[in-house]
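Novice: In this note's numbering, the protein residues as written are 2 to 527. If you scroll down you'll find the structure; I have some questions about it.
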């Protein structure tokens, strides 16, 4: 809203027809239909619209005219709305009738200004004409009551108090003419909040903005009450917060709105996150657990994008969960390694298999979270130190034990991708403890795990081996070669890693020696 100008309203030769508008017991509640203003804008922006031939009146239009005349006679005090335009095609509207009114051209502006005249109550009792002028050339003219505007709007009360009684006022350069008209209508309502119930959040924010500029306190409070109770969808949350945040230091009290998105606690409590992790990890419902793991992983990834790189409170909780899962895994391995376990009935063995599957799935999920946050090095050390679990591994039936090799494979992939950087000692220990069990379970991993990607796993194993000193590479790869030559495709194929080790061992030393000799000869010649 740019300015408020006091001037006399010019009377034009306008053909006026009554149109139906909303009337409520507590006063005026009407806004020209948005389609009317949009149509007026569209017509205003058209370049030389083609003249349309006059159409003979149809039976339907004659019937509507007759109805309007009857309504005019029977309702002398009814609200009336007057809309003017110079586009005869807009006469097809069922709710609004538009007739022509054109202002004379001026040297400064050759454009036509469409005026939408809205009268309500009994026009003869109104003591003020208000013109709302939009930036796009649309003007809305209204018959209003001075005492209502002064009572409801601080801005208008201040402006009108500076002037002697005037017949008209104009608010120029309105950003949103349609909403300003609605605001004037709300000034005649006793319960503004009730009138906002059927509005959407975006429109209420537009009303709030205009109400602030006019100093319409009742409307501002009603808008805030609406926003506090109404649900926000999608991007509306940021829009609402940014629209009301500047009111925080005022008397309107926006704390209930902001409490929806902010808390008095500066950091989320650690026990809340612990409870969420425990609920997900202990769930026995496959689909719910799977979907919530995916959701929590996504949310934690979003968190990792906004932290400043410091270790957050989540890490301690994650490793506590890892320790709990490893203890459960060891307990289940002890049960599965007991003599005669394979001879037990399916009903006795199945719960252990289900629990093993659950614990391994939980650990893989935790590894993903740790790897995303670049803090998985400690888990690699934890897994490499599971000597008792590794000792029990050969005693457990392959159909049960192969699940833990998925954890080993995931760690090799993580090291090969650089997602975790454990020390040389940990990498060597990890290969010494868990590489042979992985080879023993490799056939089962390929045939029973749908998510197992052999190419990715083999590349990760090879890269992990090649990070060791050359002597340790030789030890691991020669051990692998013996297994590969025995079982072939049921063993990881590490030929690429073997080629790199071969060149480092048998070719590189001679290449370096020849290069040194060439450098010496070059020095002798100089």
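Note that beta-carbon positions come from the ideal geometry of N, C-alpha and C, so glycine has one too. Being a predicted model, the structure only gives us computed values, none of them experimental.
Apart from the five residues just before and just after residue 206, which ones in its own chain have a Cβ nearer than 6 angstroms to its Cβ?
Specialist: Around residue 206: 244.
Novice: Expressed to the nearest angstrom, what Euclidean distance is found between the alpha-carbon atoms of residue 513 and residue 504?
Specialist: Roughly 12 angstroms between the two C-alpha positions.
Novice: So, helix, strand or coil for residue 139, using DSSP?
Specialist: The answer is strand: DSSP assigns residue 139 an E or B state.
Novice: Taking all protein chains shown into account, decide if residue 460 is buried (16 or more other Cβ within 10 angstroms of its Cβ) or exposed.
Specialist: Per the 10 Å Cβ criterion, buried.
Novice: Tell me whether residue 172 sits in a helix, a strand or coil according to DSSP, three-state version.
Specialist: Reduced to three states, the DSSP call for residue 172 is strand.
Novice: Compute the distance between the beta-carbons of residue 302 and residue 373, then report whether it is under 8 angstroms.
Specialist: Their beta carbons are under 8 angstroms apart, which means residue 302 touches residue 373 by this criterion.
Novice: Taking 8 angstroms as the cut-off, does the stretch 256–264 touch the stretch 273–280 (at least 3 CB pairs, one atom from each stretch)?
Specialist: These segments do not touch.
Novice: Specify, as a first and last residue, the run of the alpha helix (DSSP H) that residue 198 falls within.
Specialist: Neither: residue 198 is in no alpha helix (DSSP H) and is coded neither H nor E.
Novice: Smallest Cα separation from residue 332: which of 391, 210 and 296?
Specialist: Considering only alpha carbons, the answer is 391.
Novice: Can you grab the Cα-Cα spacing for the pair residue 323 / residue 242, in whole Å?
Specialist: In a straight line, the C-alpha of residue 323 is about 38 angstroms away from that of residue 242.
Novice: Below 7 angstroms CB to CB, which residues in the same chain sit around residue 320 once its five sequence neighbours on both sides are set aside?
Specialist: These residues qualify, in order along the chain: 379.
Novice: Measure the beta-carbon distance from residue 413 to residue 465 and round it to whole angstroms, keeping in mind my assumption that it falls under 8 angstroms.
Specialist: Indeed, because the Cβ distance is near 5 angstroms, the residues count as touching under 8 angstroms.
Novice: Express the C-alpha separation of residue 202 and residue 232 in angstroms, rounding to a whole number.
Specialist: Approximately 8 angstroms, taken between the alpha carbons.
Novice: Run through DSSP, which three-state label would residue 133 get?
Specialist: In this structure, residue 133 counts as strand in the three-state DSSP scheme.
Novice: For residue 386, which of helix, strand or coil comes out of DSSP?
Specialist: If DSSP states are grouped into helix, strand and coil, residue 386 belongs with coil.
Novice: For residue 435, which residues in the same chain have their Cβ closer than 6 angstroms to its Cβ, ignoring the five residues on either side in sequence?
Specialist: Answer for residue 435: 409, listed in chain order.
Novice: Got a sec? Which residues, its chain only, sit under 6 angstroms from residue 93 by beta carbon, not counting five neighbours each side?
Specialist: Reliability of the predicted coordinates at residue 93 is poor, the pLDDT of 27 falling under 50, and no value is obtained from them.
Novice: For residue 480 and residue 238, what's the separation of their Cα atoms in angstroms?
Specialist: C-alpha separation (whole angstroms): 59 angstroms.
Novice: Just to confirm before moving on: does the CB-CB distance between residue 338 and residue 397 stay below 8 angstroms?
Specialist: Contact flag set, yes.
Novice: Taking the alpha carbon of residue 416 as the reference point, which residue from 447, 368 and 444 has its own alpha carbon closest?
Specialist: Looking at the Cα atoms, 368 is the closest of the given residues.
Novice: Please tell me whether residue 294 and residue 366 are closer than 8 angstroms, where the distance is taken between their beta carbons.
Specialist: Contact flag set, yes.
Novice: Within 10 angstroms of the Cβ of residue 211, are there 16 or more other Cβ atoms? Answer buried if so, exposed if not.
Specialist: With 16 or more other Cβ atoms within 10 Å, it is buried.
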